[in-house]
Amino acid sequence: MNDNSSPHSHGPRPFNVDILFADTWLAVCQLRNGAKISNGKTLYRQACHQIDSAREALESFDAPAQSIEHILYALCALWDESVMNRHELDEGYHEWLKSPLQAKYFNTLEAGERLWDRIRCVMAQPSADIAVLTCFHRVLLLGFSGRYREQDDPRGENIREALSKRVAPFTVSQDLPIMASQGRRLAHKKSIWMWLPLTAFALVALWWQVDSLLQQYISQMLP
Numbered sequence: 001m002n003d004n005s006s007p008h009s010h011g012p013r014p015f016n017v018d019i020l021f022a023d024t025w026l027a028v029c030q031l032r033n034g035a036k037i038s039n040g041k042t043l044y045r046q047a048c049h050q051i052d053s054a055r056e057a058l059e060s061f062d063a064p065a066q067s068i069e070h071i072l073y074a075l076c077a078l079w080d081e082s083v084m085n086r087h088e089l090d091e092g093y094h095e096w097l098k099s100p101l102q103a104k105y106f107n108t109l110e111a112g113e114r115l116w117d118r119i120r121c122v123m124a125q126p127s128a129d130i131a132v133l134t135c136f137h138r139v140l141l142l143g144f145s146g147r148y149r150e151q152d153d154p155r156g157e158n159i160r161e162a163l164s165k166r167v168a169p170f171t172v173s174q175d176l177p178i179m180a181s182q183g184r185r186l187a188h189k190k191s192i193w194m195w196l197p198l199t200a201f202a203l204v205a206l207w208w209q210v211d212s213l214l215q216q217y218i219s220q221m222l223p
C-alpha cells in the first residue's frame, strides 16, 4: 500500500510530504486561482524561506542528499512557473525575473526541461524514494508543465498518471497549515475560504484518478 512518507526503515525517518510542504501547495493554489501579488519582494522572501525551511526539515529527517536535491529542485521549478507563467506582469513577475528560484538555488534556467529529466530518472530507479515521487506527483498535479506546455501533448499527462499509480493520493487534512495572507504568519484557522484552493487541489487529484481508472476500463472493454 502506497503512502506519502519516505519508505526507509533505517537511516531516514518517515515524513508526510503534504504536511511538510503544505504552505507551498497552498501558495501555488492561490496563484493558480488568480491571486494578485501586491508585494513581489515579500512573496519572494516567503518563497525563499519555504525552500530554506524545506531543506532544514528534510535534513532533520535524515533524508538522502540526492532526494533533498530532487525535492528542492521541484519546489523551485513549481514556484517559478506558478509566478512567471501567469498573465500578470506585476511586482511578483518582475521580482522573479531578477532571480528565479532555480537560478538562486541551482544556477539553472532550464527547469522546464530538467525537472522532467529528473522525474524520469527517479521513476526508473528500482528503489525510488516514495517521498521524492510524491513530491513530483504533487508538483505536476499543481500544474507544472515545463516543456509539455501544449495542451495536446500527452507525454506530461502520461507521466503524471504513472506517478499517481505509485504514490498515495492527496487528501485535505486538518493537520495542514493555513496561510492567512501574503506576508503574514501561518495560522491554524479553520476558515472555509482558505481551504477552498486545497480542496480544489484534492478534487483535481481525485478527478485524475477516476479518469485514469475509466481509461483503463475502456481499453479493456474495447477489442
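Sequential numbering from 1 applies to the sequence shown in UniProt numbering. Using N, Cα and C, we set each Cβ at its ideal position, and we do this for glycine too.
**Report entry** Three-state class that DSSP yields for phenylalanine 170 in the structure shown
**Finding:** coil
Report task. Sort Arg166, Leu142, Ala128 by Cα distance to alanine 74 and report the nearest one. Result -> Leu142
Requested in this report: Quick one: residues in its chain with C-beta nearer than 6 Å to the C-beta of leucine 31, no 5 flanking neighbours on either side, listed in chain order?
Outcome: Only Ser82 meet the Cβ criterion.
Query raised in the report: Can you name, in chain order, every residue of its own chain whose Cβ lies under 8 Å from the Cβ of methionine 84, other than the five neighbours on each side?
Result: Tyr93, Trp96, Leu97, Pro100
Query raised in the report: Grouping DSSP H, G and I as helix and E and B as strand, with all else coil, what is leucine 196?
Result: Because the pLDDT at leucine 196 is just 48, under 50, the model does not fix this residue reliably, and the value given afterwards should be weighed accordingly. Of the three classes helix, strand and coil, the one that applies to leucine 196 here is helix, per DSSP.
Requested in this report: If I'm right that leucine 133 touches arginine 166 with Cβ under 8 Å, what's the distance once you round it to whole angstroms?
Outcome: 6 Å
Report task. Have a look at Gln66, Gln46, Ala162, His87 and flag the residue whose alpha-carbon is nearest the alpha-carbon of arginine 120. Result -> Of Gln66, Gln46, Ala162, His87, the residue nearest in Cα terms is Ala162.
Query raised in the report: In chain order, what residues of the same chain have a beta carbon less than 8 Å from the beta carbon of arginine 55, not counting five sequence neighbours either side?
Result: Same-chain partners within the cutoff: Ile68, Leu72.
Query raised in the report: How big is the Cα-Cα spacing for aspartate 117 and threonine 24?
Result: Using only the alpha carbons, I get a separation of about 22 Å.
Requested in this report: Hey, could you find the ends of the alpha helix (DSSP H) asparagine 107 is sitting in?
Outcome: Here asparagine 107 belongs to no alpha helix (DSSP H), and DSSP marks it neither H nor E.
**Report entry** For asparagine 158, the first and last residue of its enclosing alpha helix (DSSP H)
**Finding:** Per DSSP, the unbroken alpha helix (DSSP H) holding asparagine 158 starts and ends at 154-164.
Report task. Measure the CB-CB distance between leucine 115 and glycine 156 and report whether it falls below 8 Å. Result -> no
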